[in-house]
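Participant: Encoded as structure tokens, here's the structure I'll be asking about.
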Amino acid sequence: MAKNRILITGGGGFIGRHLVKLLLSKGRKVTVIDDLSTGNMIDAEPNMRFIVGDVSDPSFRSEALEDCCALVHLAAIASVPRCEEDPPLSERVNRRAAISLFDEAAKAGVSVIVHASTSALYGVPEFLPISESHPIAPIGVYGRDKHLAETALLGRKDVGVCALRLFNVYGVGQPSDSPYSGVLTIFSERLRNQESLTVFGDGKQTRDFVHVSDVIQAFTMVLESLEQQGTGSPVHAQALNVCSGQTRTLLETIEAFGDAIGVDPVVIFNPPREGDILHSSGTSETLWKALGWSAQMDFKDGLRSLVS
Ligand code: UD1
223 MAKNRILITG
233 GGGFIGRHLV
243 KLLLSKGRKV
253 TVIDDLSTGN
263 MIDAEPNMRF
273 IVGDVSDPSF
283 RSEALEDCCA
293 LVHLAAIASV
303 PRCEEDPPLS
313 ERVNRRAAIS
323 LFDEAAKAGV
333 SVIVHASTSA
343 LYGVPEFLPI
353 SESHPIAPIG
363 VYGRDKHLAE
373 TALLGRKDVG
383 VCALRLFNVY
393 GVGQPSDSPY
403 SGVLTIFSER
413 LRNQESLTVF
423 GDGKQTRDFV
433 HVSDVIQAFT
443 MVLESLEQQG
453 TGSPVHAQAL
463 NVCSGQTRTL
473 LETIEAFGDA
483 IGVDPVVIFN
493 PPREGDILHS
503 SGTSETLWKA
513 LGWSAQMDFK
523 DGLRSLVS
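223 is the number of the first residue of the sequence shown in my numbering; add one for each residue after it.
This is the structure:
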């Protein structure tokens, strides 16, 4: 049987669900593996197989890779504080399971691998905006393990590979019930419930917020380029920033939320969170030059979609 499925690990999670939907809408066949620790089941679709399982378990990995021609690896312990609390867990999932999966996928005949990496591996920025040539200096185990997985992948010569370094991804569908959820999701949920917002620090820290619709476009374009051109693709063996380049302070996001819903949010200031970086801002010029990708979502529209 022809290998024509795309395996999406962590496909039940925030980014994964959006990506699965987009790929199915393009007529692609998708296999999802997700242990449902933070993700959810997706309603049955004719072109989708959903395996409930842990990617760090080899028996699930081989089942998931059946009939697959491409792999998008999103499954991770994505919470930075959780990785700090439990470094062996981060090492097992974010590093070892990822590297084993890449090996097994290549052996199983997969010809394209796209990995969700993170801007956390840059650590405290030495210059802004951060380009891919910025030094790698993760401040915690999450960034370290993601970087080791990324390095192992990009060293491969046998398959088309690419790592996307995601900045602060936001959008509808991010779980809001976890203290580790993204700040915009937490703020929108609290505003919806007419609750006050907690700001850690003075609110002048900046983040590069990129909307999930732009992120899944980046994954799809990279995937298709590698499928068409293999190791000859301009993104092969590259680690590429996925960011909007439009940086906002937290205070600016609160003001924008206030405008979107027509209220003046009540803000409580708490001491800065341990390990927080002050400023983050990226440039995605390399991905623009390679494939013509740039973030399209207007920030205010993106916020409005969160609170509507
Ligand atoms: C985010 C990602 C992380 C990624 C990193 C890359 C999320 C949840 N985390 O971390 O996976 O590796 O970018 O750089 O997307 N804050 C408040 N009040 C709140 C919640 C947060 O003031 O209620 C502040 C935080 O202290 C921080 C900023 O908002 O200064 C952003 O926090 P958060 O959304 O958790 O993301 P990062 O820490 O940047």
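Backbone N, C-alpha and C fix where the C-beta goes; we use that ideal spot for every residue, glycine too. This one's a predicted model, so the numbers in the text were calculated from it and none came from an experiment.
1. Cβ of PHE409 within 9 Å of Cβ of THR340?
2. Please state whether DSSP places HIS458 in a helix, a strand or coil.
3. Could you tell me which whole alpha helix (DSSP H) segments of length 4 or greater appear in the stretch 395-455?
4. Within 10 angstroms of the Cβ of LYS368, are there 16 or more other Cβ atoms? Answer buried if so, exposed if not.
5. Verify whether the separation of the beta carbon atoms of LEU350 and HIS501 is less than 9 Å.
6. Taking 8 Å as the cut-off, is the beta-carbon of GLY261 closer than that to any non-hydrogen atom of the ligand ADP?
7. Take the Cβ of GLN396 as the centre, count every other Cβ of all protein chains shown within 10 Å, and call the residue buried at 16 or more, exposed below.
8. For LEU388 and ALA461, which I take to be in contact (beta-carbon distance under 8 Å), what is that distance rounded to the nearest angstrom?
9. Report yes if the C-beta of ASN390 is less than 8 Å from at least one heavy atom of the ligand UD1; otherwise report no.
10. If you check the beta carbons only, do GLY425 and ASP498 fall under 9 Å apart?
11. Tell me whether ILE499 counts as near the ligand UD1, meaning its Cβ is closer than 8 Å to at least one heavy atom of that ligand.
12. Rounded to the nearest angstrom, what separates CYS291 and ALA327 at their Cα positions?
13. From what residue to what residue does the alpha helix (DSSP H) around LYS473 run?
14. Is DSSP giving LEU229 helix, strand or coil here?
15. What is the residue span of the alpha helix (DSSP H) that TYR364 lies within?
16. Would DSSP call ALA338 helix, strand or coil?
17. Taking the alpha carbon of ARG317 as the point to measure from, which residue in VAL332, HIS295 and GLY238 has its own alpha carbon closest?
18. Please list the terminal residues of the continuous alpha helix (DSSP H) segment that includes LYS329.
19. Which residues in the same chain as LEU258 place their Cβ atom closer than 7 Å to its Cβ, once the five residues preceding and following it in sequence are excluded?
20. Would you mind working out which of ARG429, PHE479, ALA440 and VAL346 sits nearest LEU513, comparing C-alpha positions?
21. Any contact between the stretch 475-488 and the stretch 510-526? By contact I mean 3 or more CB pairs, one from each, below 8 Å.
Facilitator: Let me spell this out:
1. In the sequence shown, the residue the question calls residue 409 occupies position 187. In the sequence shown, the residue the question calls residue 340 occupies position 118. It is not a contact, given that the beta carbons lie outside the stated cut-off.
2. Residue 458 sits at position 236 when you count from the first residue of the sequence shown. DSSP places HIS458 in coil when its eight states are reduced to three.
3. Runs of the alpha helix (DSSP H) spanning 4 or more residues and lying entirely within the stretch 395-455 occur at 405-414 and 434-451, in chain order.
4. Indexing the sequence shown from 1 puts residue 368 at position 146. The residue is buried, with at least 16 neighbouring Cβ atoms inside 10 Å.
5. Along the sequence shown, one-based indexing puts residue 350 at 128. Along the sequence shown, one-based indexing puts residue 501 at 279. The answer is yes: Cβ separation under 9 Å.
6. As presented, the structure is devoid of the ligand ADP, carrying the ligand UD1 as its sole ligands.
7. If you number the sequence shown from 1, residue 396 lands on position 174. Burial call: buried.
8. The residue labelled residue 388 in the question sits at position 166 within the sequence shown. The residue labelled residue 461 in the question sits at position 239 within the sequence shown. About 11 Å; that fails the 8 Å criterion.
9. In the sequence shown, residue 390 corresponds to position 168, counting from 1. Yes - the ligand UD1 has a heavy atom lying nearer than 8 Å to the Cβ of ASN390.
10. Start at 1 with the first residue of the sequence shown, and residue 425 comes out as number 203. Start at 1 with the first residue of the sequence shown, and residue 498 comes out as number 276. In this structure, ASP498 does not lie closer than 9 Å to GLY425 by Cβ.
11. For the purposes of this step, residue 499 is identified with residue 277 of the sequence shown, where counting begins at 1. Yes - the ligand UD1 has a heavy atom lying nearer than 8 Å to the Cβ of ILE499.
12. One-based indexing of the sequence shown puts residue 291 at position 69. One-based indexing of the sequence shown puts residue 327 at position 105. Cα-Cα distance, rounded: 9 Å.
13. Here the question's residue 473 lines up with position 251 in the sequence shown. Before going on, a small fix: residue 473 reads as Leu here, not Lys. From DSSP, the alpha helix (DSSP H) with LEU473 extends over 472-483.
14. Taking the first residue of the sequence shown as position 1, residue 229 is located at position 7. Under the three-state reduction of DSSP, LEU229 is assigned to strand.
15. If you number the sequence shown from 1, residue 364 lands on position 142. Unbroken alpha helix (DSSP H) run through TYR364: 363-376.
16. In the sequence shown, residue 338 corresponds to position 116, counting from 1. ALA338: strand per DSSP, three-state reduction.
17. Here residue 317 refers to the residue found at position 95 when the sequence shown is read from its first residue. Ranking the options by Cα distance to ARG317, first place goes to HIS295.
18. Counting from 1 along the sequence shown, the entry for residue 329 is found at position 107. Residue range 320-329 is occupied by the alpha helix (DSSP H) that includes LYS329.
19. As a first step, residue 258 must be located in the sequence shown, where it is residue number 36. Closer than 7 Å at Cβ, skipping near neighbours: GLY234 and VAL274.
20. Translated into positions along the sequence shown, residue 513 becomes position 291. Measuring C-alpha to C-alpha distances from LEU513 to each of ARG429, PHE479, ALA440 and VAL346 identifies ALA440 as the nearest.
21. Touching, yes, given that three or more Cβ pairs across the two stretches are closer than 8 Å.
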